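Note sheet for the following structure.
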Amino acid sequence: MNHLKFSKIAIDKIQRRKGRFFPQDFSKNHESHGKYLDESVKCIIKQSKEISDKFHFSPHLVLKVELEEKAVISEGVKDKLLAFGLKIIDEESKELMVLFAESIKIPMFLTALSQYKSGEIATKHVVHKDLFDIIKSVKPWDSSDRTQDLIISEQKKYYDLYLWIFDTYDENFNKVNEVKDELRLYNIRICDTYVSTSVVVIRIHATSAELDFVKENTLVYQIQNIPEYSVSRSKAIEERDINIEDIEFDNSLLDPESSPSICVIDSGIFKGHPLLKGVIGDSKVFMGANCFDDHDNNGHGTMVASICSYGDVKSDKVYSPEIFIMNAKVHNGEYVSEFNLCVSDFQENEMYLSFEQQNVIADIYDYNCELEEILTNNVFNDCSNDKKNFIMVIVTRYLGLYEKLIPNQMKEIVEYFHGNYGCRIYNLSQGDSKQIFQGGKPNAWSCVLDQLQHEYDVLFVVSSGNYIPETDMNVEDIQKKYPAYFFKSNNVFITEPANSALALTVGSMATNNIPVVYRDEDITPFPITRRNELSTFSRVGYGNNKSIKPDLLYYGGDGYIDNKFSMKYSVHPNRGLSVLGFNNDVTGKLFKFDIGSSFSAPYISHLAAKLIKKYPEISMNAVRALLAYSLSVPKEIFDRFSSLFETMNPLDVQARFQRNYQGNMILDKKRSICFSSGYGLPNIDRILNSKNNRVVLHSDIIKKDEKLTPDTFHIYELPILSEFRNAKGKKIIEIVMAYNPEVRKTRIDYLGTVLNFELIRGKSFEDVYQVYATQNGKDEEDKLKLFENKYRCDCKMIGKEIRNKGTLQKMRFEFSTNASNYGENYYIVVNSVKKWSDKEQGYALVASLETVDEVEIYQLIKTRVEQPVRRRVRR
């Protein structure tokens, strides 16, 4: 049975009411405080002039302003700052904002500060006290702010320069050109630029000495080491004795007009695999300008593509693909320097260069000399012209390999495959293992994924990354410390870009607890995990704004511990514990086994494509919501964690897994489950189909005139029929919402708009409307208590304080007794809170009603929801 559509209640004469704002009083001694601020600002102006004179760049002014705790910047204060020539370009936290002035001359601001300092009265109060009283201190945004966590090399390296973000694309574009002109003055190589309204980045190739200029440039927000693709691989095991003659292959179900597609962003795909014949729709390389080889030399991309196409790959079944695969090659499998790749290429061609010749080639990659140096330098005199030309071909192959910014790669991939083929699902089983997300703001990679998902209505499915327990403990201790280390180590958190707010982030579960050992294998395997438990290498959250990450789990396999060599322990993959996929070697076996979260993510991409095939018109918000609806945390994870929680000392875990209870720190079991397992494991039948006793309703808000305007709300009527209420046993209501807001990296609120929902019972529509109308636009913590708890349906496992942090929110409400006292209708309220975006916000809402005792309610609810609902409200 197909899922059913339902609509929000059409409301006549909506009345929007907002509460008044009463600022907190931070009164200070205007004379002493004004003098302190005046001296601080003038000192910064002097320093800024000296630096701009020294390095010959435009003398802008950047002020780091610390605010009093709980101070609020009103719209009036923002307007006042603009009038004084200062604009807010960043909010690092609630107590720290950054102001920017085009010139170091800010006479109107200094005049206002002088008036405040002298105690000039306006009406009843000292003039401008609303601005200066809330300021605690003013400091420059200096080189130490720009180089946090930066690793600087004495040799030339690639660096990413994050620039301040301004209000419009044109303003950002002009500032980028200004910085590029200044970089050229110092002959600093500019490799690539990315400009948008959410993130602005310039990639440079520079020495540590050249960075001295960059570190002082007022338009630079931060300097970071470039992200590096990492695909943590085990030693893959080939499957034995399976030949193409033993398999029935039929690709006739692939239809260019109706079959969905998945773009695999990876190390390439082996297009010659017989079970991918006709499956690869298009293939393109998005690496350096001189790289055109789309083949998968590493094997990772082919394995991922096979799972995207077929889901759970089995070596004994008929293969009938229904999903096209697009190949977007972005790397060769691991980050290796251009020079080392070149040397390896020479060695593979049995060509060995002298030390002097290698030095010249290294200089070419550092752009200290031209490529033609190979033809003219005396160190190559012993080479024939043919050999010199061959050397130039190999060197050119890797020249500029890492000059393209990852944001530009992602943008070009979506523009190409979405623009030409309408591809909407992008599998990214990649991450930067060096960029562990500790909280705070996401980097450019995550930010651009969110931006693309908002602009194009596409979905990125991202692996959580692979943690290597052996880096933090002895191998023989892994069994003892599993799964406690998920909550104790800060090395086990998700990596960029798994913290993308709009992507589906996928963690990994163990496939089995019974290893497979062939007769000729001399191993003594000790599995660490059981089926449906977290894989030892899976990474845990949280995500942006302490949201639930990973979002969900799937099988990525696990390793085993072997101690056959004199009790020397080591971790290995095993066929029985691993995931099966396609091999990338036509001369070898068709299949291979491997482990990693890289191979749990593509199954989720596969499910998303199956959803699009059945419901082709739905948005990616609806895809996320329906996938999330099907999720549940496996019992095995609850059991393993429950026994752990009974013995674990709350003070030994990371702060994100703790909470304060009556003055004592205790283990927060809810967050521990959510930040490690997300909403759980998917069920394909629940994703695609309703049943007689389990009805799924969905609403997909796509059209502009239907979307939520900032600080408003929608109300849905959920029919609670007597047949449902009176059913014996447990009744289950599940609600899921997904939305895709604008994002901006330099805002304290990364999301431009925040949505949340609530399920209300036992109240009339008029009651619900009037209460929410008075609370429009308020954050959850600022709201008055709307209704007594008995009227608010909420789940014990994932409460509002956890689920509301993310763009994918789910609740499950259960009851067993007859709930006739609460009426025939429950109401779902979807509430919008403006942060900084003025745009209307679309979303998808999924609601399900299920009875355990198989009461047939599908047709009854179908009849009910097909009738449009309109209500009038009292003004």
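Numbers in the working numbering are just positions in the sequence shown, counted from 1, shifted up by 286. The beta carbon of each residue, even a glycine, is placed where N, CA and C say it ideally should be. Small disclaimer: the values here were computed from a predicted structure and weren't measured.
Residue nearest to residue i in terms of C-alpha spacing, selected from the options
i	options	result
Ile-375	Ile-1018, Asn-777, Ser-484, Ser-544	Ser-484
Gln-1061	Asn-1117, Cys-477, Pro-513	Asn-1117
Trp-1122	Glu-741, Tyr-768, Asp-997	Asp-997
Cys-709	Gly-1109, Cys-549, Met-795, Ser-389	Cys-549
Thr-1093	Leu-790, Ile-438, Ile-1001	Leu-790
Gly-827	Gly-843, Phe-1073, Lys-899, Asn-752	Asn-752
Ser-544	Gln-401, Leu-897, Val-424	Leu-897
Tyr-684	Ser-732, Ile-1019, Asn-576	Asn-576
Lys-989	Val-1057, Ala-1130, Tyr-915, Arg-1089	Ala-1130
Phe-961	Tyr-455, Phe-772, Tyr-1108	Phe-772
Phe-1010	Leu-866, Tyr-846, Ser-429, Ile-1147	Ile-1147
Ser-423	Ile-476, Glu-354, Leu-372, Leu-967	Glu-354
Ile-1019	Asn-1090, Glu-1100, Tyr-688, His-740	Glu-1100
Burial state of residue i (16 or more Cβ within 10 Å)
i	result
Pro-902	exposed
Leu-1070	Its pLDDT being 49, under 50, Leu-1070 is placed unreliably in this model, and the coordinates cannot settle the point.
Tyr-947	exposed
Ile-699	buried
Glu-1028	buried
Ser-852	The predicted model places Ser-852 with a pLDDT of 40, which falls under 50 and marks its position as unreliable; any figure quoted below should be read in that light. With fewer than 16 Cβ atoms within 10 Å of its Cβ, Ser-852 is classed as exposed.
Glu-440	exposed
Met-1177	It is not possible to answer for residue 1177, since the shown part of the chain is limited to 287 through 1161.
Cys-329	exposed
Leu-876	buried
Glu-656	exposed
Ile-407	exposed
Asp-1035	buried
Gln-301	Legend: pLDDT at Gln-301 = 44, less than 50; position of this residue unreliable, value from coordinates given subsequently. Answer is exposed; the Cβ neighbour count stays below 16.
Gly-585	buried
Met-394	exposed
Lys-1014	exposed
Ile-1143	buried
Phe-641	exposed
Val-358	exposed
Residue j beta carbon less than 8 Å from that of residue i
i	j	result
Pro-836	Ser-750	yes
Gln-643	Val-665	yes
Leu-788	Asp-736	yes
Ile-528	Val-565	no
Phe-676	Ile-647	no
His-316	Val-412	yes
Glu-514	Asp-844	no
Ser-338	Glu-464	no
Lys-442	Thr-479	no
Ile-530	Pro-560	yes
Asn-969	Ser-916	yes
Asp-262	Tyr-707	Residue coverage of the chain in this structure runs from 287 to 1161, which leaves residue 262 outside it and unanswerable.
Residue i: first and last residue of the uninterrupted alpha helix (DSSP H) it sits in
i	result
His-984	Here His-984 belongs to no alpha helix (DSSP H); instead the beta strand (DSSP E) covers 980-987.
Ile-611	First-last for Ile-611: 610-615, but that is the beta strand (DSSP E), not the alpha helix (DSSP H).
Gly-273	Nothing about residue 273 can be reported from this structure: the residues present for the chain run from 287 to 1161 only.
Lys-766	764-767
Lys-415	415-418
Lys-321	316-341
Val-599	Where Val-599 is concerned, there is no enclosing alpha helix (DSSP H), given that its DSSP letter is neither H nor E.
Boundaries of the beta strand (DSSP E) in which residue i is found, first to last residue
i	result
Pro-426	421-426
Ile-1114	1111-1120
His-581	No beta strand (DSSP E) contains His-581, which DSSP labels as neither H nor E.
Tyr-1002	999-1005
Val-486	486-492
Leu-930	No beta strand (DSSP E) holds Leu-930; the alpha helix (DSSP H) holding it covers 921-933.
Gly-567	566-571
Arg-825	Premise fails: Arg-825 is in no beta strand (DSSP E) and is neither H nor E.
heavy atom of the ligand ZN below 7 Å from residue i C-beta
i	result
Lys-720	This structure does not include the ligand ZN; it has no bound ligands of any sort.
At 4 residues or longer, what runs of the alpha helix (DSSP H) sit wholly inside the segment 875-902? Taking only runs of at least 4 residues, the alpha helix (DSSP H) segments lying wholly in the segment 875-902 are 887-900.
Let me know the alpha helix (DSSP H) ranges lying completely inside the segment 1076-1107, each 4 residues or longer, listed in chain order. Secondary structure remark: continuous alpha helix (DSSP H) runs of at least 4 residues inside the segment 1076-1107, in chain order: 1086-1089.
Sequence ranges, alpha helix (DSSP H) only - wholly within the segment 1127-1155, length at least 4: Complete alpha helix (DSSP H) runs here, min 4: 1144-1151.
Mind listing, in chain order, the continuous beta strand (DSSP E) runs of no fewer than 3 residues lying wholly within the segment 1004-1070? Taking only runs of at least 3 residues, the beta strand (DSSP E) segments lying wholly in the segment 1004-1070 are 1017-1025, 1039-1046.
Kindly provide the ranges of any beta strand (DSSP E) runs that are 3 or more residues long and lie completely inside the segment 734-774, ordered along the chain. Listed in chain order, the complete beta strand (DSSP E) runs (minimum 3 residues) inside the segment 734-774 are 745-749.
Quick check for students: name the residue ranges of the beta strand (DSSP E) that lie wholly in the segment 435-497, counting only runs of 3 or more. Those beta strand (DSSP E) runs which fall completely within the segment 435-497 and span 3+ residues are 443-449, 475-481, 486-492.
Unbroken beta strand (DSSP E) runs of length 3 or more, entirely within the segment 377-402: which are they? Runs of beta strand (DSSP E) with 3 or more residues, each lying fully within the segment 377-402, are found at 382-387, listed in chain order.
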